[in-house]
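See below for the structure under consideration.
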Amino acid sequence: MDIEQEIPQLRFRNEYHKAIVNIIFTSNWLQERIRQFLLPEDITSQQYNILRIVQASDRPISTMQIREQMLDKMSDTSRMVDRLVVKKLVKKHMAEHDKRKVAICLTEEGLQVLLRLETKIHEIDNLLNTLTADEVKSLNTLLNSIR
Numbered sequence: 019m020d021i022e023q024e025i026p027q028l029r030f031r032n033e034y035h036k037a038i039v040n041i042i043f044t045s046n047w048l049q050e051r052i053r054q055f056l057l058p059e060d061i062t063s064q065q066y067n068i069l070r071i072v073q074a075s076d077r078p079i080s081t082m083q084i085r086e087q088m089l090d091k092m093s094d095t096s097r098m099v100d101r102l103v104v105k106k107l108v109k110k111h112m113a114e115h116d117k118r119k120v121a122i123c124l125t126e127e128g129l130q131v132l133l134r135l136e137t138k139i140h141e142i143d144n145l146l147n148t149l150t151a152d153e154v155k156s157l158n159t160l161l162n163s164i165r
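Residue numbers (the numbering used here): 19 to 165.
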């Protein structure tokens with residue numbers, strides 16, 4: 019659906035303004051669908067991002083290393099990790115090489131959450147199923163060009 023139909027009262031100064039509004043609107047639309055996808059596991063998209071980063075690491079990882087890899091660089095990584103500890107999805111312990119640092123690793127429960135989500139991750143991919151593979155590739159190129 020065109021952005022003019024989604025937000026009918028909005029007038030655009032020019033195509034650049036329209037594109038910016040469209041990107042923001044689409045981002046919010048995607049984030050809401052991802053939120054709904056993660057809701058049964060009682061985690062946020064930022065927490066999911068942390069779980070994926072920890073899972074991908076071949077050894078325990080620090081909050082600073084996690085923050086460097088986060089999609090949302092503004093997030094409070096330490097606070098989010100603490101929430102994941104309370105949910106028993108990750109655990110923290112002193113880093114072996116530097117006792118001043120904390121190392122984070124996935125718990126079995128955290129791994130199970132990721133495995134359950136992985137079985138239905140195609141639902142997220144399908145959010146873009148109105149586009150062809152070539153269109154998705156072009157979209158990625160365009161988004162990279164913007165940044």
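Glycine residues also receive a C-beta, built at the ideal position from the N, C-alpha and C atoms. A quick note: this is a predicted structure, and the numbers were derived from the prediction, not measured.
Spatial distance of residue 84 from residue 27 (CA atoms): As a working note, residue 84 is residue 66 in the sequence shown. As a working note, residue 27 is residue 9 in the sequence shown. Between the C-alpha atoms of residue 84 and residue 27 there is a straight-line separation of about 41 Å.
Cβ-Cβ separation, residue 88 to residue 67 (assumed contact under 8 Å), whole Å: The residue you call residue 67 lines up with position 49 of the sequence shown. The residue you call residue 88 lines up with position 70 of the sequence shown. Their Cβ separation, rounded to whole angstroms, is 6 Å, which keeps residue 67 and residue 88 in contact under 8 Å.
Exposure of residue 122, with buried meaning 16 or more beta-carbon neighbours within 10 Å: Residue 122 sits at position 104 when you count from the first residue of the sequence shown. So residue 122 counts as buried.
Reference residue 95; option with closest CA among 55, 161, 154 and 72: On the sequence shown, residue 95 is found 77 positions in, with the first residue counted as 1. Nearest neighbour of residue 95 by Cα position, chosen from 55, 161, 154 and 72, turns out to be 72.
7 Å Cβ cutoff met for residue 142 and residue 43: Your numbering for residue 142 matches position 124 in the sequence shown. Your numbering for residue 43 matches position 25 in the sequence shown. Cβ distance not < 7 Å, so residue 142 and residue 43 don't count as in contact.
Own chain residues within Cβ distance below 6 Å of residue 30, not counting five before or after: Translated into positions along the sequence shown, residue 30 becomes position 12. Within the same chain, residue 30 has close Cβ partners 36.
Contact set for residue 146: own chain, Cβ-Cβ below 7 Å, skip 5 residues either direction: The residue labelled residue 146 in the question sits at position 128 within the sequence shown. Excluding sequence neighbours, residue 146 sits near 154.
Under 7 Å between C-beta atoms of residue 98 and residue 65: For the purposes of this step, residue 98 is taken as the residue at position 80 of the sequence shown. For the purposes of this step, residue 65 is taken as the residue at position 47 of the sequence shown. Judged by their CB atoms, residue 98 and residue 65 are nearer to each other than the 7 Å cut-off.
Same chain, Cβ closer than 7 Å to residue 106, neighbours up to 5 away in sequence not counted: In the sequence shown, counting from the first residue as 1, residue 106 sits at position 88. Cβ neighbours of residue 106 beyond the five flanking positions: 125 and 127.
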